[in-house]
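S.K.:
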């Protein structure tokens, strides 16, 4: 990093690598322990490292009880805001404690004990958060499955986690439809080789489900039935190394990978990150527009804000369409949020619908301090648009389900560093991020390679996969011994800023030249007509691969009248900014790009379609009809 820049950050970062045990001993002081840690890191069995191996705590106590005991029970803990149902509810910490302890008592009455698993298959409703915290209260392990997942995917997660209880809802509510959860849950249980002892269903008035009216292998009941007379349960004491939750990610073998999240390290890391990265203090409001089914929802809708004693917003809606592109601004103003954390794709949607940010001018964002974006590469054009519209720092951050909290970010709570569009800034303290070549050697600044993290990784990151140490090693640790392989490629510049250019399997090899999709997409997205774009590499007999671009135009632009001109300009932009070696000749203007519900563009799926294969469509796809519409486009013959 250049002279004079980031003195506060650099000192803290260097200390975290020089003396990680001392650094994370100090950070642990922000957590209330039943048994405080004496040993900080157990490194006796590499590559399986464990943080706080002799400590004990309860995460629910830290997230709820201690704030009530400190006299802050009247402070809002959760603002539930559901434009899709027209519902708004605020729960104070005292009210949240009552609900959580009673639902924990209900689970206890069904036989749930420390170490048992509970699968939660629910929409964005307060009961989902209550169920998560109730599991943590008992020392049970929750596994949240995104509401609306297909039966086969849900069945696979039930088989792997082997839950004693499944907690669900009758339905989810989308802007234009009702998604019936109960029939999908029933089908998943029919397909699963594991049978839970009980199923609890939250009845939603938009579409109640039939519950307990047929013979099954499990006991069915409604949320109200088990909750009504349940006694309050006390907090169980668990080891810091005990699992808090399992969160599944898609695996390349078809079997989902269960990310094991330990209790103590995660609590310490999230509490540290809330203060030092997100700059959110107790009593302030954080608005994370994600879903509790994703890692961002676990970390920064539920556990991070509540461990801090902040107020969190649980938003059941969309960035546009509920009712318009001003939805986020309305929520920020109404609840006085100091920051918003969401995915870049949400802002691309807002930019497409309201390119002049006219809706923003209708709201008072006086208390708002920063926008945080993660989940998909933040292209410079979207950064510039959001930065100009808000007049506040727009902070990219990069991490994974596996790590649980940011790997690279601009540490606003320590020192806001100069922002470089296209970079999530620098490695977060605790993460020794290195870019390696094929032989495992670090590359020079500016040279692309595999982004890796030197072991041991900091607290809060996965210590292993649920029930599968061998797969943990083969998936993440075998490529470069002593390092965790992120699966992303990129480079570090001379100031230590990290540039994440995309998944390593999204790197194009054009006539022997390696090109990242990120560099081509950055060139395309800078065009004034482009709302969002994706570049895929398709097979070519001569060059091995050639890039193909799919572009969504901003609202109000006539693709029929201006499409040919825009395509030619985009090809010229790539040639000028990336070089003729990029060989981009084909640009398709499309209505939408296929994405997961968390906002990731399905580049691999589109690439397989373009190459004539039949891909396995991820269960996380947001709208399958988008892919159906694109299939004939992708399989059409090249235009050049």
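Numbering (UniProt numbering), first residue to last: 1 to 640. Glycine included, C-beta positions come from ideal geometry on N, C-alpha and C.
Residue range of the alpha helix (DSSP H) that residue 170 falls in?
M.R.: Here residue 170 corresponds to residue number 170 of the chain shown, with the count starting at 1. It is not in any alpha helix (DSSP H) - residue 170 carries neither H nor E in the DSSP assignment.
S.K.: Residue 18: buried (16+ other C-beta within 10 angstroms of its C-beta) or exposed?
M.R.: For the purposes of this step, residue 18 is taken as the residue at position 18 of the chain shown. Exposed, since its Cβ has fewer than 16 Cβ neighbours within 10 Å.
S.K.: Where does residue 515 land, buried or exposed, given buried means 16+ other C-beta within 10 angstroms?
M.R.: Mapped onto the chain shown, residue 515 falls at position 515. Buried.
S.K.: Using the C-alpha atoms, what's the distance from residue 112 back to residue 348?
M.R.: Start at 1 with the first residue of the chain shown, and residue 348 comes out as number 348. Start at 1 with the first residue of the chain shown, and residue 112 comes out as number 112. Whole-angstrom Cα-Cα distance: 43 Å.
S.K.: Residue 628 by DSSP, collapsed to three states: which one?
M.R.: Sequence index remark: in the chain shown, residue 628 carries index 628 (1-based). Correct three-state label for residue 628: helix.
S.K.: Could you tell me the distance, in whole angstroms, from the CA atom of residue 425 to the CA atom of residue 194?
M.R.: Looking up residue 425 in the chain shown gives position 425. Looking up residue 194 in the chain shown gives position 194. Rounded to the nearest angstrom, the two C-alpha atoms are 45 Å apart.
S.K.: Would you kindly report the start and end of the unbroken alpha helix (DSSP H) that includes residue 606?
M.R.: Your numbering for residue 606 matches position 606 in the chain shown. Its alpha helix (DSSP H) spans residues 603–610.
S.K.: Do you know offhand how far residue 27's Cα is from residue 583's?
M.R.: Working through the chain shown from its first residue, we reach residue 27 at position 27. Working through the chain shown from its first residue, we reach residue 583 at position 583. Near 50 Å, if we compare the C-alpha coordinates of residue 583 and residue 27.
S.K.: Taking a contact to mean a Cβ-Cβ separation below 8 Å, would you say residue 232 touches residue 57 in this structure?
M.R.: Residue numbering aside, residue 232 sits at position 232 when the chain shown is read from its first letter. Residue numbering aside, residue 57 sits at position 57 when the chain shown is read from its first letter. Their beta carbons are not under 8 Å apart, which means residue 232 does not touch residue 57 by this criterion.
S.K.: Looking at C-alpha atoms only, which residue of 198, 69, 16 and 121 is the closest neighbour of residue 309?
M.R.: Along the chain shown, read from residue 1 onward, the residue named residue 309 stands at position 309. Answer by Cα proximity: 69.
S.K.: Name the DSSP bridge partner or partners of residue 200?
M.R.: Within the chain shown, residue 200 is the residue found at index 200, counting from 1. Residue 200 pairs with 167 and 221.
S.K.: Three Cβ pairs or more, each shorter than 8 Å: is that satisfied between the stretch 181–189 and the stretch 154–162?
M.R.: Counting Cβ pairs under 8 Å, three or more are found: they touch.
S.K.: Roughly how many whole angstroms lie between the Cα atoms of residue 278 and residue 635?
M.R.: The residue labelled residue 278 in the question sits at position 278 within the chain shown. The residue labelled residue 635 in the question sits at position 635 within the chain shown. Roughly 44 Å separates the two Cα atoms.
S.K.: Measuring CA to CA, which of 522, 327, 89 and 341 is closest to residue 299?
M.R.: By one-based count along the chain shown, residue 299 stands at place 299. Of the candidates 522, 327, 89 and 341, the one whose C-alpha sits nearest the C-alpha of residue 299 is 341.
S.K.: Mind checking which residues open and close the alpha helix (DSSP H) that includes residue 184?
M.R.: By 1-based counting over the chain shown, the position of residue 184 is 184. Run containing residue 184: 181–191, per the alpha helix (DSSP H) assignment.
S.K.: By the three-class DSSP mapping on this structure, what secondary structure does residue 60 have?
M.R.: Counted from its first residue, the chain shown places residue 60 at position 60. Note: residue 60 maps to helix in three-state DSSP.
S.K.: Got a sec, what are the start and stop residues for the alpha helix (DSSP H) residue 328 sits in?
M.R.: Walking along the chain shown from the start, residue 328 turns up at place 328. Residue 328 -> alpha helix (DSSP H) spans 327–335.
S.K.: What residue from 366, 590, 294 and 287 has the CA that sits closest to residue 327's CA?
M.R.: Here residue 327 is taken as the residue at index 327 of the chain shown, counted from 1. It is 287.
S.K.: Identify, in the order they occur along the chain, each residue of the same chain with its Cβ nearer than 7 Å to the Cβ of residue 641, setting aside the five sequence neighbours on each side.
M.R.: Residue coverage of the chain in this structure runs from 1 to 640, which leaves residue 641 outside it and unanswerable.
S.K.: From what residue to what residue does the beta strand (DSSP E) around residue 598 run?
M.R.: Here residue 598 corresponds to residue number 598 of the chain shown, with the count starting at 1. Here residue 598 belongs to no beta strand (DSSP E), and DSSP marks it neither H nor E.
S.K.: DSSP on residue 287, reduced to helix/strand/coil?
M.R.: Locating residue 287 in the chain shown gives position 287, counting from the first residue. Three-state result, residue 287: strand.
S.K.: Could you tell me if residue 228 is buried or exposed, where buried requires 16 or more neighbouring beta carbons within 10 angstroms of its beta carbon?
M.R.: On the chain shown, position 228 is the one that residue 228 refers to. Per the 10 Å Cβ criterion, exposed.
S.K.: Is residue 464 buried or exposed, if buried means 16 or more other CB atoms sit within 10 Å of its CB?
M.R.: Within the chain shown, residue 464 is the residue found at index 464, counting from 1. Buried, by the Cβ-count rule.
S.K.: Alpha carbon to alpha carbon, how far is residue 559 from residue 302? Give it in angstroms, no decimals.
M.R.: Numbered from 1 along the chain shown, position 302 holds the residue referred to as residue 302. Numbered from 1 along the chain shown, position 559 holds the residue referred to as residue 559. C-alpha separation (whole angstroms): 42 Å.
S.K.: Do residue 236 and residue 99 have their CB atoms nearer than 8 Å?
M.R.: Reading the chain shown from its first residue, position 236 is the one you call residue 236. Reading the chain shown from its first residue, position 99 is the one you call residue 99. No; because the gap between Cβ atoms is not below 8 Å, this pair is not in contact.
S.K.: Using DSSP bridges, identify the partner residues of residue 545.
M.R.: Start at 1 with the first residue of the chain shown, and residue 545 comes out as number 545. According to DSSP, residue 545 bridges with 539.
S.K.: For my contact list, residue 460 and residue 275 are in at a C-beta cut-off of 8 Å; report their separation, rounded to the angstrom.
M.R.: Taking the first residue of the chain shown as 1, we reach residue 460 at position 460. Taking the first residue of the chain shown as 1, we reach residue 275 at position 275. The Cβ separation is near 14 Å, so there is no contact.
S.K.: Could you tell me whether the Cβ atoms of residue 498 and residue 260 are closer together than 8 Å?
M.R.: Start at 1 with the first residue of the chain shown, and residue 498 comes out as number 498. Start at 1 with the first residue of the chain shown, and residue 260 comes out as number 260. No; because the gap between Cβ atoms is not below 8 Å, this pair is not in contact.
S.K.: Applying the criterion that 16 or more other CB atoms from any shown protein chain within 10 Å of the CB defines a buried residue, is residue 521 buried or exposed?
M.R.: Position 521 of the chain shown, counted from the start, is the residue given in the question as residue 521. With 16 or more other Cβ atoms within 10 Å, it is buried.
S.K.: Quick one: using the 10 Å Cβ neighbour count with 16 as the cut-off for buried, is residue 394 buried or exposed?
M.R.: The count along the chain shown starts at 1 and reaches residue 394 at position 394. Per the 10 Å Cβ criterion, buried.
S.K.: By how many angstroms is the C-alpha of residue 553 removed from the C-alpha of residue 273?
M.R.: Numbered from 1 along the chain shown, position 273 holds the residue referred to as residue 273. Numbered from 1 along the chain shown, position 553 holds the residue referred to as residue 553. Each residue's Cα considered, the two are about 37 Å apart.
S.K.: Using DSSP bridges, identify the partner residues of residue 409.
M.R.: Working through the chain shown from its first residue, we reach residue 409 at position 409. 397 and 426.
S.K.: Which class does residue 294 belong to by DSSP, given the choice of helix, strand or coil?
M.R.: Residue numbering aside, residue 294 sits at position 294 when the chain shown is read from its first letter. Of the three classes helix, strand and coil, the one that applies to residue 294 here is coil, per DSSP.
S.K.: Less than 8 Å between C-beta atoms, sequence neighbours within five positions excluded: which residues of the same chain meet that for residue 92?
M.R.: Looking up residue 92 in the chain shown gives position 92. Answer for residue 92: 73, 74, 75, 76 and 77, listed in chain order.
S.K.: Among the residues of its own chain, which have a CB less than 7 Å from the CB of residue 587, if the five just before and after it don't count?
M.R.: Within the chain shown, numbered from 1, the residue matching residue 587 stands at position 587. Only 549, 551, 567, 570 and 571 meet the Cβ criterion.
S.K.: Quick check on the burial criterion: 16 or more other C-beta atoms within 10 angstroms. Buried or exposed for residue 253?
M.R.: If you number the chain shown from 1, residue 253 lands on position 253. Interpretation of residue 253 is limited by its pLDDT of 49, a score under 50 that renders its predicted location unreliable; the figure taken from the coordinates is listed afterwards. Exposed, because fewer than 16 other Cβ atoms sit within 10 Å of the Cβ of residue 253.
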